[in-house]
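J.:
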Amino acid sequence: MVMDKVTVRSPATLSNLGSGFDVFGMALREPFDVIEARRTPGRGVVIEAVEGWGAESITTAAERNSAGIAAMSVLAQANADFGVAIRIKKGIRPASGIGSSGASAAGGACAANLLLDNPLRPEELVFSAAKAEQTTSGSFHADNVGPAVMGGFTIIKSYDPFEILRVDPPRNLGVVVTMPDFLVSTKEARKVLPAQVPLKSMIYEVGNASSLVLGMCRGDVDLIGRSMKDVVIEPARAPLNHHLLEAESAAMDAGAAGVFLGGSGPCVIAVYDMDQKEGKEISAAVRDVYARHGINSDTWVTTWGDGCRRV
Ligand code: HSE
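Per this note's numbering, residue 146 is the first one in the sequence shown, and the count goes up by one each step.
#1: By how many angstroms is the C-alpha of Y417 removed from the C-alpha of G370?
#2: To the nearest angstrom, report how far apart G493 and L259 are at their CA atoms.
#3: So is I427 buried or exposed if we call it buried at 16+ other beta carbons inside 10 Å?
#4: Any chance the CB of F166 is under 8 Å from a heavy atom of ligand 1?
#5: Contact check, E293 vs A182 under 8 Å by CB: the rounded distance?
#6: Could you please give the first and the last residue of the uninterrupted beta strand (DSSP E) stretch that includes M148?
#7: Suppose the cutoff is 7 Å on Cβ atoms and the five residues either side in sequence are ignored; what does the same chain contact list for N210 look like?
#8: Just to confirm the assignment: which complete alpha helix (DSSP H) runs, minimum length 4, are found wholly within the stretch 277 to 352?
#9: Starting from the Cα of V190, find the closest Cα among F177, L338, I300 and D226 and give me that residue.
#10: Return helix, strand or coil for N258, following the three-state DSSP convention.
#11: Drop a sphere of 10 angstroms on the beta-carbon of H286, count the other beta-carbons inside from all chains shown, and report buried for 16 or more, exposed for fewer.
#12: Go to K425, then tell me how far its alpha helix (DSSP H) extends in each direction, as first and last residue.
#13: Decide yes or no for the touch test of the stretch 237 to 248 against the stretch 295 to 305: beta carbon pairs closer than 8 Å, at least 3 of them.
#14: List the residues that DSSP assigns as beta-bridge partners of I192.
#15: Within 10 angstroms of the Cβ of N441, are there 16 or more other Cβ atoms? Answer buried if so, exposed if not.
#16: Check whether the Cβ atoms of L220 and L270 sit closer than 9 Å, and answer yes or no.
#17: What is the DSSP secondary structure of G163, reduced to helix, strand or coil?
#18: Please give the ranges of any beta strand (DSSP E) in the stretch 379 to 408, keeping only runs that are unbroken, at least 3 residues long and fully inside the region.
#19: Tell me where the alpha helix (DSSP H) around D367 begins and ends.
#20: For G364 and R316, what's the separation of their Cα atoms in angstroms?
#21: How far does the alpha helix (DSSP H) with V219 in it extend, from its first residue to its last?
#22: Quick one: what's got a C-beta closer than 7 Å to R454's C-beta in the same chain, skipping five residues either side?
#23: Is the stretch 341 to 353 in contact with the stretch 276 to 291, if contact means three or more CB pairs nearer than 8 Å?
#24: Does the Cβ of S303 lie closer than 8 Å to at least one heavy atom of ligand 1?
#25: Just to confirm my understanding: we take T469, look at its own chain, exclude 5 residues before and 5 after, and list those with CB closer than 8 Å. What are they?
#26: Do I233 and A274 count as a contact pair if the criterion is CB distance below 9 Å?
#27: What residue from A254, S394 and A277 has the CA that sits closest to R266's CA?
#28: For a test of the three-state rule: what should DSSP assign to M419, helix, strand or coil?
#29: Quick one: is D326 buried, meaning 16 or more other Cβ sit within 10 Å of its Cβ, or exposed?
#30: Relative to ligand 1, is the shortest distance from any of its heavy atoms to the C-beta of T323 smaller than 8 Å?
#31: So what's V376 in DSSP terms, helix, strand or just coil?
#32: Taking G408 as the reference, give the member of G163, D149, V151 and P156 with the closest Cα.
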């Protein structure tokens, strides 16, 4: 059915999950952005409005806005004979480490595809959204836009040729997101990464990444949590993410199965078994760390979710 107007909900996403830098991603049930898109007679994309959390920091220039660029790319690939006007409601704060620009990029790509009656496959939408995110974050990484489009747990098997895999995480995988009240830019947080990785560290990362995937496939929350270990990326980014180690220890002491830095930060992500624990205890323990240092925080006690969907 050809539509003139569509509204989609595009989720926040976890990336890296410890050992899977630029490879692993997982969609969250909340928070999310809402993207409205409607056909316009002239070609091209316009961003009519950006509202909500952090909207003042987001450009309405379509060629520099992640939703705008992704929508343009989808329209161009499908040779669309119409344009699109977009309105964005941000439920995900920018510079948070839970895929804010990725959610908008995925939303722009999916909304444009729906207006075209779905000519592009999910993998093609992921690729378009990743190219869009490259413009805003300065690097081509698809570990946020992958799950934002496809939902569940995703693995970027390879960037060239581009191949992405998806699996449902376990039903009882709970997630506690704690977002301290300071910003970390992905662009800056990628500049501090080491150019080379010692062989010993590579072995450690591959071991943990492999067991994390096995945990997803077996439905083993404990194994997933124990595999969220990273000795390369998080240590390099710790100086940008104040009190990270203390927050992570507090989450583990409160009964989390595992904890890691969300993307480039500053969100701290704890996972837990929803059949065994209440996420709010973990949330309170992590927030308490920031509060003791005079830093406010927001929190979501949630779980994994679907990719970008029409609402
Ligand atoms: N994998 C990316 C990074 C995600 O850690 O830089 C950025 O949100």
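All C-beta atoms in this analysis are idealised placements derived from N, C-alpha and C, irrespective of residue type, glycine included.
Because the structure is a prediction, the values reported are computed rather than measured.
T.: To lay it out plainly:
#1: Counting from 1 along the sequence shown, the entry for residue 370 is found at position 225. Counting from 1 along the sequence shown, the entry for residue 417 is found at position 272. C-alpha separation (whole angstroms): 8 Å.
#2: As displayed, the chain neither begins before 146 nor continues past 456, which places residue 493 out of reach and without an answer.
#3: As a first step, residue 427 must be located in the sequence shown, where it is residue number 282. I427 sits buried, since 16 or more C-beta atoms from the chains shown fall within 10 Å of its C-beta.
#4: The residue given as residue 166 occupies position 21 in the sequence shown. Correct: F166 has its Cβ closer than 8 Å to ligand 1.
#5: Taking the sequence shown and counting its residues from 1, one reaches residue 293 at position 148. Taking the sequence shown and counting its residues from 1, one reaches residue 182 at position 37. In the sequence on display, residue 293 carries Ala and not Glu. In fact, because the Cβ distance is near 16 Å, the residues do not count as touching under 8 Å.
#6: One-based indexing of the sequence shown puts residue 148 at position 3. Per DSSP, M148 is not a residue of any beta strand (DSSP E), being assigned neither H nor E.
#7: Taking the sequence shown and counting its residues from 1, the one referred to as residue 210 is at position 65. Excluding residues within five positions, the ones whose Cβ falls inside 7 Å are I192, I203 and T204.
#8: 290 to 295 and 331 to 336
#9: Locating residue 190 in the sequence shown gives position 45, counting from the first residue. For V190, the nearest C-alpha among the options comes from D226.
#10: As a working note, residue 258 is residue 113 in the sequence shown. If DSSP states are grouped into helix, strand and coil, N258 belongs with the helices.
#11: To locate residue 286, count along the sequence shown from 1; it is residue 141. H286 should be labelled buried.
#12: Position 280 of the sequence shown holds residue 425. Unbroken alpha helix (DSSP H) run through K425: G424 to R437.
#13: no
#14: Position 47 of the sequence shown, counted from the start, is the residue given in the question as residue 192. Partner(s): I231.
#15: Sequence index remark: in the sequence shown, residue 441 carries index 296 (1-based). Burial call: exposed.
#16: Mapped onto the sequence shown, residue 220 falls at position 75. Mapped onto the sequence shown, residue 270 falls at position 125. Cβ distance not < 9 Å, so L220 and L270 don't count as in contact.
#17: Taking the sequence shown and counting its residues from 1, the one referred to as residue 163 is at position 18. It is coil, neither helix nor strand.
#18: Entirely contained in the stretch 379 to 408, the beta strand (DSSP E) runs reaching 3 residues are, in chain order, 403 to 406.
#19: Here residue 367 refers to the residue found at position 222 when the sequence shown is read from its first residue. Per DSSP, D367 belongs to the alpha helix (DSSP H) from V366 to R371.
#20: Within the sequence shown, the letter at position 219 stands for residue 364. Within the sequence shown, the letter at position 171 stands for residue 316. Roughly 8 Å between the two C-alpha positions.
#21: Against the sequence shown, residue 219 aligns to sequence position 74. Segment S211 to Q222, the alpha helix (DSSP H) holding V219.
#22: Position 309 of the sequence shown, counted from the start, is the residue given in the question as residue 454. Here the set comprises V153 and R154.
#23: In the pairwise beta carbon analysis, the stretch 341 to 353 is classified as not touching the stretch 276 to 291: fewer than three pairs are separated by under 8 Å.
#24: Position 158 of the sequence shown holds residue 303. Incorrect: S303 has no Cβ contact closer than 8 Å to ligand 1.
#25: Outside the displayed span of the chain (146 to 456) sits residue 469, for which this structure offers no information.
#26: To locate residue 274, count along the sequence shown from 1; it is residue 129. To locate residue 233, count along the sequence shown from 1; it is residue 88. Contact: no.
#27: Along the sequence shown, read from residue 1 onward, the residue named residue 266 stands at position 121. Of A254, S394 and A277, the residue nearest in Cα terms is A254.
#28: Mapped onto the sequence shown, residue 419 falls at position 274. Of the three classes helix, strand and coil, the one that applies to M419 here is coil, per DSSP.
#29: Here residue 326 is taken as the residue at index 181 of the sequence shown, counted from 1. Exposed, because fewer than 16 other Cβ atoms sit within 10 Å of the Cβ of D326.
#30: As a first step, residue 323 must be located in the sequence shown, where it is residue number 178. Not so, every heavy atom of ligand 1 lies at least 8 Å from the Cβ.
#31: Within the sequence shown, numbered from 1, the residue matching residue 376 stands at position 231. In the structure shown, the three-state DSSP call for V376 is coil.
#32: One-based indexing of the sequence shown puts residue 408 at position 263. Per the Cα distances, G163.
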